[in-house]
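Report on the following structure.
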């Protein structure tokens, strides 16, 4: 590998590490702004109660989607990432993605104890009982977002910028779903985006450091970036339109609900678009059993050097 290509790989790794730091800051700031202050609680609560503007069909759909997540689902998701890595002959990267995914899911449950919740505003007494303890960040939103990031990491670099658009939609569905179904407050969904970004950006930086190889830039990759932004705006506008058509009056204020829904959708699409964009010029050279076999077979086909004895020349 030439020094120039090695430098480019180091630049991408450093950008991923900077992204890790940014996500950590957003996670902590989000807690102190929305969870640890009275005015943050009011905004968060009003946005949560504003979900009553949604159609019951939308709420039911999100509820059934989230209800399908189980321990078996998590295990299958982890195995899927490893399987994709094996098929693409980059098993180590699949393992790193799976470990990053598992760390994000388990870490979210640990952070709920590290980031406690206390009633600080009048609206807090109206919340369901299960919300009156640590719920930051959301576990289900973390599952959806970290899974999307993990699959994006093990996918082909040729398709990453475009797959990031679909992955952003997948992450936004889970992140808004926990709010629409009434399973979490908006702050929990935003915290899940930051936490997932932290874990999976760190995993990608490690993978780039261990197995990253350069590949030519993808033509017209910037179109995927603009497409992701455009789809995010379209999804947010569609959500607002549906909410506006299903209720003429919002019981606890519509503005916080619309604002925070837009933030969640924008955050999901932005995170996935940034992730796919950073990895667009990185690929994973074969390093597993298949690569070893091909190397051994090429060695066995090499003609043997003639054996010379003293005095034969």
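Residue numbers (the working numbering): 3 to 315. Beta carbons: idealized from backbone N, C-alpha and C, even for Gly.
Contact between the stretch 152 to 167 and the stretch 91 to 99 is established, with three or more Cβ pairs separated by less than 8 Å. Within the same chain, Cβ atoms closer than 8 Å to the Cβ of residue 53 are found at 61, 181, 182, 184 and 259, the five residues on either side in sequence being excluded.
Assigned with DSSP and collapsed to three states, residue 40 falls in helix. Within the same chain, and ignoring the five residues on either side of residue 107 in sequence, the residues whose Cβ sits closer than 8 Å to its Cβ are 76, 141, 144, 145 and 148. Taking every protein chain shown into account, the CB of residue 30 has fewer than 16 other CB atoms within 10 angstroms, so this residue is exposed. Per DSSP, residue 187 lies in no alpha helix (DSSP H) segment and is marked neither H nor E. By the 16-neighbour rule on beta-carbons within 10 angstroms, residue 280 is buried. In its chain, beyond the 5 residues on either side, 15, 18 and 19 have a beta carbon closer than 6 Å to the beta carbon of residue 207. Distance from the CA atom of residue 65 to the CA atom of residue 216, rounded to whole angstroms, is 42 Å.
Counting every other CB atom within 10 Å of its CB across the protein chains shown gives residue 135 a total below 16, marking it as exposed. Between residue 94 and residue 87, the C-beta spacing is below 9 Å.
When only Cα atoms are considered, residue 168 and residue 265 end up about 18 Å apart.
The Cβ atoms of residue 129 and residue 39 do not sit closer than 9 Å to each other.
A direct Cα-Cα distance of roughly 11 Å separates residue 175 from residue 63. For the stretch 25 to 110, the continuous alpha helix (DSSP H) assignments of 4+ residues that do not extend past its boundaries occur at 40 to 51, 58 to 69 and 73 to 89, in sequence order. Remark: C-beta atoms of residue 43 and residue 138 do not approach each other more closely than 9 Å.
Residue pairing by DSSP places residue 284 opposite 216 in a beta bridge. Each of 202, 272 and 188 was checked against the Cα of residue 261, and the nearest Cα belongs to 188. In the structure shown, residue 120 adopts coil according to DSSP, grouped into three states. In the structure shown, the three-state DSSP call for residue 177 is helix. In this structure, DSSP gives residue 138 a state outside helix and strand, which the three-state scheme calls coil.
Nearest Cα to residue 273 within the set 21, 282 and 287: 21. Rounded to whole angstroms, the separation of the alpha carbons of residue 51 and residue 58 is 14 Å. The Cβ atoms of residue 284 and residue 159 lie closer than 9 Å to each other. Distance between residue 178 and residue 47, taken at the CA atoms: about 15 Å.
Annotated as distal: residue 275 and residue 150, with beta-carbon spacing of 9 Å or more. When DSSP states are grouped into helix, strand and coil, residue 197 belongs to the helix group. By the C-beta density criterion, residue 114 is buried, having at least 16 other C-beta atoms within 10 angstroms. About 4 Å separates the CB atoms of residue 199 and residue 25; that is less than 8 Å, so the two are in contact.
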